[in-house]
């Protein structure tokens, strides 16, 4: 009964003051295990090469041993390269070296920052422990890993779907905007700011 009364008060308040932003972010805490499951379901993930030195289709195939710490994360990553080509220059002549397919595992530690205006999460990895498979040229795997080492990788956050509730002939719409994303011990914390509005059906 108390929940119904509180919900009624909230709806009445929103009706009286449409377009209200509380100004107080809502804290959403995602446990490490939940994030790991979401990441695995989103793979494989094709990534853009940060340099013209490398051509081909580069993808993240696996992310394992994901571990969150305060302000940083660690993981074991498997990447693959399909139809990999290296662009190089010898004696002033540009050369295109066809490598083929490559698969490599490596460990990484990373820090991240969130840019609110662009709603983009930037991840900066530090790569170590490279183990390459599928090619006799170990330098290729090291080059692929090195191109991402220390580089900020942008991850755009998609707009959150609004919460919509029917109230008679009108609808209460609650939009959520991401204020910040931060790492804690075994958890990702997302700060959301709600904005309410009333629309006619």
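Numbering (my numbering), first residue to last: 295 to 495.
Ideal placement from N, C-alpha and C gives every residue a C-beta, glycine not left out.
| Query | Result |
| --- | --- |
| Where residue 444 falls, given that 16 or more other Cβ within 10 Å makes a residue buried | exposed |
| Close Cβ partners of residue 372 (< 6 Å) along its chain, the five nearest in sequence each way excluded | 355, 356 and 399 |
| Status (buried if at least 16 other CB within 10 Å, exposed otherwise) for residue 367 | buried |
| Minimum C-alpha distance to residue 390 - residue among 411, 346 and 364 | 346 |
| Residue 435 - DSSP class collapsed to helix/strand/coil | helix |
| Beta-carbon proximity of residue 499 to residue 321, cut-off 9 Å | Because the chain spans 295 through 495 in this model, residue 499 falls outside it and cannot be assessed. |
| 8 Å CB neighbourhood of residue 388 in its chain, flanking five on each side removed | 381 and 382 |
| Contact under 9 Å by Cβ, residue 474 with residue 410 | yes |
| Which of helix, strand or coil DSSP assigns to residue 515 | The first residue shown for the chain is 295 and the last is 495, placing residue 515 beyond what the model contains. |
| Simplified DSSP assignment, three categories, for residue 331 | helix |
| First and last residue of the uninterrupted beta strand (DSSP E) at residue 390 | 387-409 |
| Endpoints, beta strand (DSSP E) assigned at residue 491 | 481-494 |
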